[in-house]
Amino acid sequence: MEFLKENVLLLGLALGSGFMLLLPFFKKSAGGVANLSATEAVNLINRNN
């Protein structure tokens, strides 16, 4: 416990990096934007016009 008190910045860095590693999984489960290739994106844009 003393180590964590003395190294708060290190703890914050570890928590932040862990959150950023898990962020893509949260976006997919929350109904995020589908992955599109450049060609698919252009086709969708042209189809809507």
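Going by our numbering, the residue at position 22 of the sequence shown is 73; the numbering climbs one at a time, nothing skipped. Idealized CB from N, CA, C, for every residue including glycine.
For a test of the three-state rule: what should DSSP assign to residue i, helix, strand or coil?
i   : result
S88 : coil
N99 : helix
Residue j and residue i - do their beta-carbons sit closer together than 9 Å?
i   : j   : result
L72 : L62 : no
What's the gap between the Cα of residue i and the Cα of residue j?
i   : j   : result
N86 : M52 : 42 Å
A92 : N99 : 11 Å
E57 : A89 : 48 Å
F77 : N97 : 30 Å
L66 : L95 : 38 Å
L15 : P75 : Nothing in the structure corresponds to residue 15, since the chain is present only between 52 and 100.
L64 : F70 : 10 Å
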